[in-house]
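Below is one structure, written out as structure tokens; comments come after it.
In the working numbering, the protein residues as written are 118 to 234.
Right, dumping it as structure tokens:
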């Protein structure tokens, strides 16, 4: 699903019915609200790019269920809390740079990545 840089706004809709979805590119829009928990039920997902939005709240621990996740990018959002320990062996790129300036943010990442910041 490619919807990047399309001036979309509001909450990200529930995508759980798209069971064969492999990529979600909804970056560089003006989406707001919580991280879309419906993404974590899409077990074929390889790419999540939600960077450059206004998403808030926590990243759900159910993200760990996405065993095929290769790319995870949520930079430049308003997320808080901790990132679950992303231990997927498939994960090669993760980016959460600049999502919050709060000193209470704790990022926990384990595993081997080619690029992670």
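Ideal Cβ placement from N, Cα and C applies to all residues, glycine included.
For clarity, every value in this text was computed on a predicted model and none was experimentally measured.
Nearest candidate by alpha-carbon position, reference residue i, set the options
i           : options               : result
residue 205 : 153, 213, 164 and 184 : 184
residue 146 : 158, 212 and 128      : 128
residue 122 : 148, 137 and 152      : 148
residue 215 : 194, 201 and 162      : 194
residue 158 : 213, 210 and 181      : 181
residue 134 : 162, 171, 120 and 201 : 162
residue 178 : 188, 169, 192 and 198 : 198
residue 210 : 203, 201 and 189      : 189
Residue j beta carbon less than 7 Å from that of residue i
i           : j           : result
residue 176 : residue 141 : no
residue 167 : residue 138 : no
residue 172 : residue 186 : no
Three-state class that DSSP yields for residue i in the structure shown
i           : result
residue 203 : coil
residue 197 : coil
residue 143 : coil
residue 149 : strand
residue 113 : Residue 113 cannot be examined here, being either before or after the span of the chain that is shown, 118 to 234.
residue 155 : helix
residue 172 : strand
Whole-number beta carbon distance between residue j and residue i, since they are thought to touch under 8 Å
i           : j           : result
residue 152 : residue 196 : 7 Å
Span of the beta strand (DSSP E) around residue i
i           : result
residue 178 : From DSSP, residue 178 is part of no beta strand (DSSP E); its letter is neither H nor E.
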